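Chemist: Let me give you the structure first, and then I'll get to my questions.
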C-alpha cells in the first residue's frame, strides 16, 4: 500500500477515533448529570418523601451525592472507564455483571436478526435493482416500505398471537431455560427477532437497490461489459462490489440499535437484555444501574456508527480519494 493510500485510510480513522472519544466523554457527563444532579436530593427521591432524614442522609453519603459536583463526577467517571459502575441499589450487588449479561442477551438477539436480515434484505435489494422498473421491483419496494412503517411492537404482538399462541410453533418468551444450548437459545429468539427483521428489511433492501442501480449505470460497469466480461463477472466483480458499500455501513449502524435499543421487544418477550435492564432500573430508581446501562448503550450506538462510517471510507475508493489532499 502506498504512503498516500495509507494516509487516506489513517486520517479518517484518527478523526473518527477522536470524535468517538469526545462524544463518549460528553455522553458520560450528560448521563451523570441526569442520574445524580437533576433529580435533586437523590436519597430523598429514592426513599420517598416520608423517609427519615437520617436514612436519607446515610444513603446520600453512601452514594457520594453529598460531595461537590465535580468530585462526584470524577469519582464516578474514573471508575466507570474501568468497568466499575458501583453497586446496584435494587439488586444489592455490583452493576457490571448485570450489564455484561444484558449485553450478551441483546447480542444474541441481534445475531439472530442479522442472520435473517442480511441475506434477505440484500437479496431482495439486488433483485429489485437488477430489474428496476419491473413489477418485481415495485412489489419489493412497496412491501419493504409497508413493513417499515409498522411499529415493531405491533408486529411483535401479532406474531406472538399467531405463531406463539395460535399455531404454537415458537415459545411465547425469548428467554431460554437456564443451561440451554446454542440451538435451543436460537430457537427461543426466532419469534422476537422476526418483528425487527420485518421493520428493517425494507431499509436494507432499498439501500441495496439504489446501490445496484447506481453501479449498473457507472462507467466502470460499461467498460467491463465492453471488455467482454460475462454477466456474472460484471455482477459480482463490479456491480455488487461497489453497490454493497453503503449497505454494509448501514448494517453496521443498525447493529448499534439492535444491541442497545430494543426496549419494547425485550420487554414484550421477557428478554433480559440491555434495553430491558435500563427500563427496569428506571422503574426501580436504581440510579447506578440506570447510569451504567445508558452509558453503555450510548457507547454502543456511537461506536457502531463510527464503524459504519469507517467501513464505508475503507471500502469505497472514491471516499479515500476525497480524503487525500
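Numbering (the numbering used here), first residue to last: 3 to 327.
Using N, Cα and C, we set each Cβ at its ideal position, and we do this for glycine too.
Predicted, not measured: the structure shown is a model, and the values here were computed from it.
1) List the DSSP bridge partners of residue 96.
2) Whole angstroms is fine: what's the gap from residue 20's alpha carbon to residue 133's?
3) Buried or exposed for residue 238, please, with buried defined as at least 16 other CB atoms from any protein chain shown within 10 angstroms of its CB.
4) For residue 209, count the other beta carbons within 10 Å of its own beta carbon; 16 or more makes it buried, fewer makes it exposed. Which is it?
5) Please report the distance separating the alpha-carbon of residue 7 from that of residue 118.
6) Can you have a look at residue 141 and say buried or exposed, based on whether 16 or more other CB atoms are within 10 angstroms of its CB?
7) Is DSSP giving residue 151 helix, strand or coil here?
8) Would you mind stating whether residue 194 and residue 271 have Cβ atoms separated by less than 7 Å?
9) Relative to the ligand SAH, is the shortest distance from any of its heavy atoms to the C-beta of residue 160 smaller than 6 Å?
10) Measure how close the beta-carbons of residue 296 and residue 280 come, nearest whole angstrom, since I'm counting them as under 8 Å.
11) Where does residue 56 sit, in a helix, a strand or coil, going by DSSP?
12) Which first and last residues belong to the alpha helix (DSSP H) in which residue 177 is found?
Modeler: From the atom records:
1) Bridge partners of residue 96: 89.
2) Note on geometry: alpha-carbon atoms of residue 20 and residue 133 lie some 43 Å from one another.
3) Exposed is the call here.
4) Counting the other Cβ atoms within 10 Å of the Cβ of residue 209 gives 16 or more, which makes it buried.
5) Caution applies to residue 7, whose pLDDT of 48 falls short of 50 and renders its modelled position unreliable; the value that the coordinates give is listed next. Going by the C-alpha atoms only, they are around 36 Å apart.
6) So residue 141 counts as exposed.
7) The three-state reading of DSSP puts residue 151 in coil, since its state is none of H, G, I, E or B.
8) Between residue 194 and residue 271, the CB-CB gap stays under 7 Å.
9) The ligand SAH is not part of this structure, which contains no ligands at all.
10) About 6 Å separates the two Cβ atoms, so the contact holds.
11) Helix, per DSSP.
12) Boundaries for residue 177: no alpha helix (DSSP H) harbours it, and the DSSP string shows neither H nor E there.
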